[in-house]
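Novice: Please find one structure pasted underneath; my questions will follow.
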Amino acid sequence: MPSADTMPAKFRTSYVSNEHNIDRQYLDPRSGWPYNQFGYDNLDRLTGVTYFDTKVDTFTMDDLGNRIGNQTQRDILHNYYMDPQTNDPKTNRYSTIDAAPITHDEAGNMTQDRQGYVYFYDYENRIARIYKLSGETQITVATFDYDALGHRVRTIDAVAGQTTLFYNKIPNSVPPGFILSQSRIRRPPDWNHLRRPLHTPPVRPQQAV
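Residue 287 in the numbering used here sits at position 115 of the sequence shown, with consecutive numbering throughout.
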């Protein structure tokens with residue numbers, strides 16, 4: 173029979189009095205009843221976590237709620253920076269995280285993240301392609317296709333070699349030509365709006381005979 177220290181943890185939580193913020197998260201039934209403790213500011217924003225293994229997270233935020241400056245995560249220091257010369261802080265866009273550059277286009281879309289992934293958007297600001305550079309070679313990570321109504325109809329995960337098709341047809345129907353062993357079919361999360369007609373003609377009152 174496994175001991176209390178090798179059994180899966182069952183989380184039990186306690187809350188700040190008269191608030192919905194979690195105060196402690198207990199790891200039952202570990203010996204010593206260890207717990208993680210959370211701290212908040214006067215706007216109920218998470219400002220710190222002390223973990224059962226004594227490691228800590230600390231967060232500082234600007235007036236808009238963005239994490240800014242030095243942040244401690246599991247005792248490791250990270251830096252979030254907004255360059256006021258190139259980025260208006262009111263746009264909530266980081267310039268660097270841990271000195272890794274983050275860029276955006278004029279519409280506010282992120283074009284490169286701190287891990288070096290590059291994001292390409294179509295003319296309607298929809299994500300169309302993600303790639304990473306290896307020298308001067310673009311290595312595609314994923315591509316996205318849309319129909320004329322703006323619904324995403326296909327996602328290709330180039331890393332996993334998997335294609336996901338999204339369809340807007342009647343329930344339980346499969347478009348012809350699908351190969352189920354190579355593709356996954358997903359129903360859009362908001363199904364009902366796809367079943368409604370795009371335009372319903374107004375009902376005209378009948379004329380008296």
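Quick reminder that beta carbons are idealized off the backbone N, C-alpha and C, glycines included.
Return yes when the Cβ of K227 is within less than 8 angstroms of the Cβ of D195, no when it is not.
Specialist: No. Outside cutoff.
Novice: With a 10 Å radius around its C-beta and 16 neighbouring C-beta atoms as the bar for buried, classify Y291 as buried or exposed.
Specialist: It counts as buried.
Novice: How is T263 classed by DSSP in three states: helix, strand or coil?
Specialist: Of the three classes helix, strand and coil, the one that applies to T263 here is helix, per DSSP.
Novice: In terms of DSSP beta bridges, what is F183 paired with?
Specialist: Answer is L199.
Novice: Buried or exposed: where does V331 fall if 16 or more other Cβ atoms within 10 Å of its Cβ makes it buried?
Specialist: The residue in question, V331, is exposed, as its Cβ has fewer than 16 Cβ neighbours within 10 Å.
Novice: Can you tell me the Cα-Cα spacing of K182 and F224, whole angstroms?
Specialist: Cα to Cα, the separation comes out at about 14 angstroms.
Novice: Would you call the CB atoms of F210 and L218 closer than 8 angstroms?
Specialist: Yes; because the gap between Cβ atoms is below 8 angstroms, this pair is in contact.
Novice: Quick one: complete beta strand (DSSP E) runs, 3+ long, within the region 276-341?
Specialist: Runs of the beta strand (DSSP E) inside the region 276-341: 282-284, 289-293, 299-306, 309-318, 324-329, 334-338.
Novice: Measuring straight from C-alpha to C-alpha, what distance separates A320 and E296?
Specialist: The alpha-carbon atoms of A320 and E296 are separated by roughly 11 angstroms.
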